[in-house]
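A.B. asks: Shown below is the structure under consideration.
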Amino acid sequence: MGNKKLYLPDFKFLFDRPILSYIIIAFGVAVRLVQYLSNRSLWADEAVLALNIINRSYLELFQSLDYDQGAPIGFLMVEKLAVQILGNNEYALRLFPFICGVGSLFLFYELAKKLISKPAIPIGLILFASLEYLVYYSAEVKQYSSDVAIALFLYLLLLPLVKAKLSFGQMIRFSLLGAIAIWFSHPSIFILASIGGSALLINFWQKDLSKVKNLLLIYSAWVLSFVIFYFVSLRNLTGNETLTTSWGKAFPSSPFDIVWMFDAFGKFFYKPLGFTKWMDGLAIILFLIGCISCWLSRKEILLLLLSPLFVTFLASFLHQYPFRSRLVLFLTPFVIFLIAAGGGYILRKSKARPIKIIGIFLVILLLYKPLSKAIDLIEDPITYSEIKPVLNYIQKNQQPGDVLYIYQRGIYQFQYYAEKYGYQEGDYIIGVDDLDKYDGQELSIAEMTRYEKDLDKLRGNKRVWLLFSHTHIPAERRFLNYYLNEIGLRMDTFEKPGSYVYLYDFS
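When we follow my numbering, the leftmost residue of the sequence shown carries the number 588, and every step to the right adds one.
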């Protein structure tokens, strides 16, 4: 008995069977489907984009969007078409992001089979299927889910640029593919630059100059498309001072600010990847191991996976694209590939039992939190700013002569839903605007004075409904509650996540 060795299971029989990958994909589809079918209320960022989509014609969507919004023209066209066919509702608006979120799972799997080892594929798939932000943006009226899908789609279809001899038909297809993608995804230009630049470097290294000439012809079509897209649409976005000011912290202070780059990359593991507390450190370690394993075995794969990061950082150093949270969601698949490669390397190469035990433990530890969180999302989908049940409550309890006051940070949400609940202009009062453009995001003395004067106008009314949504500044909510209780008597309260209503007597 004492001579028996500890038996460690060999998972090779699982990795060789695609059924495991399809089970993980099915789980990822289920999580995204539940989130989509939960049909949560549009929150402020979704509402402002939805108002542009429903209130503009196709031609008007080529112009600068209202409310300081920006989205690719192709994405807007698909959204407009969905609303026209399926009606103005949350399901129609979120359908394209949902399809992209589901399609990304299959694209990720197909690309994983080409880029990483078999033991690494389930690790990558579990992360890609369950990480919270990838799930969340699959049911959000924004372009971030389609950015991920287009990035994967481009990499999967354009891989032949790296090694294969190109026929004339392939050159035409690849030229059109890249030229069209630019109109559907802003960061697609970084993806095209990444795989295109990698292909050039590899073919220069191999001294295949005839292939290089063909590549340059394909890239010229991409550049032409980008130039046209820039003057038609992108120039308006980069000229928006409100947006560029809000992006300030997403850029380095100088071309030599390496500290900012490492800090931004570290924060990337927290958001949009979604690793919290000490887990981001573990993910970074596996990422570095993945880089080393690729360097030792297939250097061209390491170049392909790291080049999107390098190109996006270059754009940030040139102050052309913010390296921040959801705006770099499209980079998550490439980092996940390398994290998975690190995990797969540990499982595949560890010979000593103690090291193998530690490796298996670390991989399970990394996967546990995202997986358990995704399971929780099936039971309790994400809610952000649930204004619909609050509007239902007001509608059921509102009496003739009641005043309805809308807190200014929630006006776009309310405007999207107003007609659906029977409200017309004149049926409600819009609260005074904030001063955030001048004094930052916190509550200032000037803002308190503005709120006091605005609420004082409600004095004398016996029944006033005050609807609050998108109240993301705690100090502001505390002050408003304090002042409302100073000037009136609260008669009723109804609250849902991110939205609530008070009924006050100011007589």
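Note that CB positions come from ideal geometry on N, CA and C, so glycine has one too.
Ile993: which of His1059, Tyr723, Tyr1015, Ile945 sits nearest, CA to CA?
C.D. replies: Sequence index remark: in the sequence shown, residue 993 carries index 406 (1-based). The shortest Cα separation from Ile993 among His1059, Tyr723, Tyr1015, Ile945 belongs to Tyr1015.
A.B. asks: Is the beta carbon of Leu916 less than 8 angstroms from the beta carbon of Phe874?
C.D. replies: Here residue 916 corresponds to residue number 329 of the sequence shown, with the count starting at 1. Here residue 874 corresponds to residue number 287 of the sequence shown, with the count starting at 1. Cβ atoms of Leu916 and Phe874: not closer than 8 angstroms.
A.B. asks: May I have a chain-ordered list of the alpha helix (DSSP H) segments no shorter than 4 residues that lie completely inside the segment 775-806?
C.D. replies: Listed in chain order, they are 775-792.
A.B. asks: Please confirm if the segment 778-785 is in contact with the segment 739-754, defined as three or more CB-CB distances below 8 angstroms between the two stretches.
C.D. replies: As far as the Cβ criterion goes, the segment 778-785 touches the segment 739-754, which means the pair count is three or higher.
A.B. asks: Please name the residue in Val898, Ala766, Leu869, Val1019 whose C-alpha comes closest to that of Lys956.
C.D. replies: Position 369 of the sequence shown, counted from the first residue, corresponds to residue 956. That would be Leu869, whose Cα lies nearest to the Cα of Lys956.
A.B. asks: How would you label Tyr645, buried or exposed, when you count the other beta carbons within 10 angstroms and need 16 or more for buried?
C.D. replies: Residue mapping note: residue 645 aligns to position 58 of the sequence shown, counting from 1. The residue is exposed, with fewer than 16 neighbouring Cβ atoms inside 10 Å.
A.B. asks: What residues are listed by DSSP as bridge partners for Leu1090?
C.D. replies: As a working mapping, residue 1090 is identified with position 503 in the sequence shown. Leu1090 pairs with Trp1052, Asp1079.
A.B. asks: Which value, in whole angstroms, describes the spacing of the CA atoms of Val814 and Ala766?
C.D. replies: For the purposes of this step, residue 814 is taken as the residue at position 227 of the sequence shown. For the purposes of this step, residue 766 is taken as the residue at position 179 of the sequence shown. Spanning the two alpha carbons is a distance of roughly 10 angstroms.
A.B. asks: Taking the Cβ atom as the reference point for each residue, do Pro839 and Ser912 lie within a distance shorter than 8 angstroms?
C.D. replies: Here residue 839 refers to the residue found at position 252 when the sequence shown is read from its first residue. Here residue 912 refers to the residue found at position 325 when the sequence shown is read from its first residue. Their beta carbons are not under 8 angstroms apart, which means Pro839 does not touch Ser912 by this criterion.
A.B. asks: Report, in whole angstroms, the separation of the C-beta atoms of Ile611 and Leu712, which I expect to be a contact under 8 angstroms.
C.D. replies: In the sequence shown, the residue the question calls residue 611 occupies position 24. In the sequence shown, the residue the question calls residue 712 occupies position 125. 4 angstroms between Cβ atoms; contact.
A.B. asks: DSSP three-state call for Tyr992: helix, strand or coil?
C.D. replies: By 1-based counting over the sequence shown, the position of residue 992 is 405. Here Tyr992 sits in strand by DSSP.
A.B. asks: Compute the beta-carbon to beta-carbon distance between Val635 and Gln650, rounded to the nearest angstrom, for a pair I have assumed lies under 8 angstroms.
C.D. replies: Taking the first residue of the sequence shown as position 1, residue 635 is located at position 48. Taking the first residue of the sequence shown as position 1, residue 650 is located at position 63. So it is not a contact: roughly 15 angstroms between Cβ atoms.
A.B. asks: Bridge partners of Ile703, per DSSP?
C.D. replies: Counting from 1 along the sequence shown, the entry for residue 703 is found at position 116. BP columns for Ile703 are empty, so no partner.
A.B. asks: To the nearest angstrom, how far is it from the Cα of Gly931 to the Cα of Phe693?
C.D. replies: Position 344 of the sequence shown, counted from the start, is the residue given in the question as residue 931. Position 106 of the sequence shown, counted from the start, is the residue given in the question as residue 693. About 20 angstroms.
A.B. asks: Report all residues from its chain with a CB closer than 6 angstroms to the CB of Leu954; omit the five preceding and five following residues, and keep chain order.
C.D. replies: Taking the first residue of the sequence shown as 1, we reach residue 954 at position 367. Around Leu954: Ile713.
A.B. asks: Who are the near neighbours of Phe614 in its chain, counting only those whose CB is closer than 8 angstroms to its CB and skipping five residues on each side?
C.D. replies: Working through the sequence shown from its first residue, we reach residue 614 at position 27. So the qualifying residues of the chain are Ala716, Ser717, Ala961.
A.B. asks: Which of the three DSSP states is assigned to Ile1017 in this structure?
C.D. replies: Walking along the sequence shown from the start, residue 1017 turns up at place 430. Note: Ile1017 maps to strand in three-state DSSP.
A.B. asks: When DSSP labels each residue in this structure, what does Val814 get in the three-state scheme?
C.D. replies: Stepping through the sequence shown from its first residue, residue 814 is reached at position 227. In the structure shown, Val814 sits in a helix (DSSP, three-state: H, G or I).
A.B. asks: Assuming Lys565 and Asp1092 form a contact by the criterion Cβ under 8 angstroms, report the distance between their Cβ atoms to the nearest whole angstrom.
C.D. replies: This structure cannot settle anything about residue 565, because the visible part of the chain is limited to 588 through 1094.
A.B. asks: Across the segment 984-999 and the segment 1056-1067, are there enough close Cβ pairs to call them in contact, namely three or more that are closer than 8 angstroms?
C.D. replies: Segments in contact, yes.
A.B. asks: Beta-carbon within less than 6 angstroms of Arg643's beta-carbon, same chain only, minus the 5 sequence neighbours each way: which residues are those?
C.D. replies: Locating residue 643 in the sequence shown gives position 56, counting from the first residue. Nothing meets the Cβ criterion.
A.B. asks: Hey, could you find the ends of the alpha helix (DSSP H) Ala766 is sitting in?
C.D. replies: The residue given as residue 766 occupies position 179 in the sequence shown. That run of the alpha helix (DSSP H) goes 755-768.
A.B. asks: Report back the beta-carbon spacing between Met848 and Phe900 to the nearest angstrom; my notes put them in contact at under 8 angstroms.
C.D. replies: The count along the sequence shown starts at 1 and reaches residue 848 at position 261. The count along the sequence shown starts at 1 and reaches residue 900 at position 313. Rounded, the Cβ-Cβ distance is 6 angstroms, consistent with contact.
A.B. asks: Report all residues from its chain with a CB closer than 6 angstroms to the CB of Lys592; omit the five preceding and five following residues, and keep chain order.
C.D. replies: As a position in the sequence shown, residue 592 is number 5, starting the count at 1. Because Lys592 sits at a pLDDT of 46, beneath the cut-off of 50, its placement in the model cannot be relied upon, and the point is left open.
A.B. asks: In its own chain, which residues sit with a C-beta less than 8 angstroms from the C-beta of Val977, not counting the 5 before and 5 after it?
C.D. replies: For the purposes of this step, residue 977 is taken as residue 390 along the sequence shown, with counting starting at 1. These residues qualify, in order along the chain: Leu1054, Ser1056, Phe1081, Glu1082, Lys1083, Ser1086, Tyr1087, Val1088.
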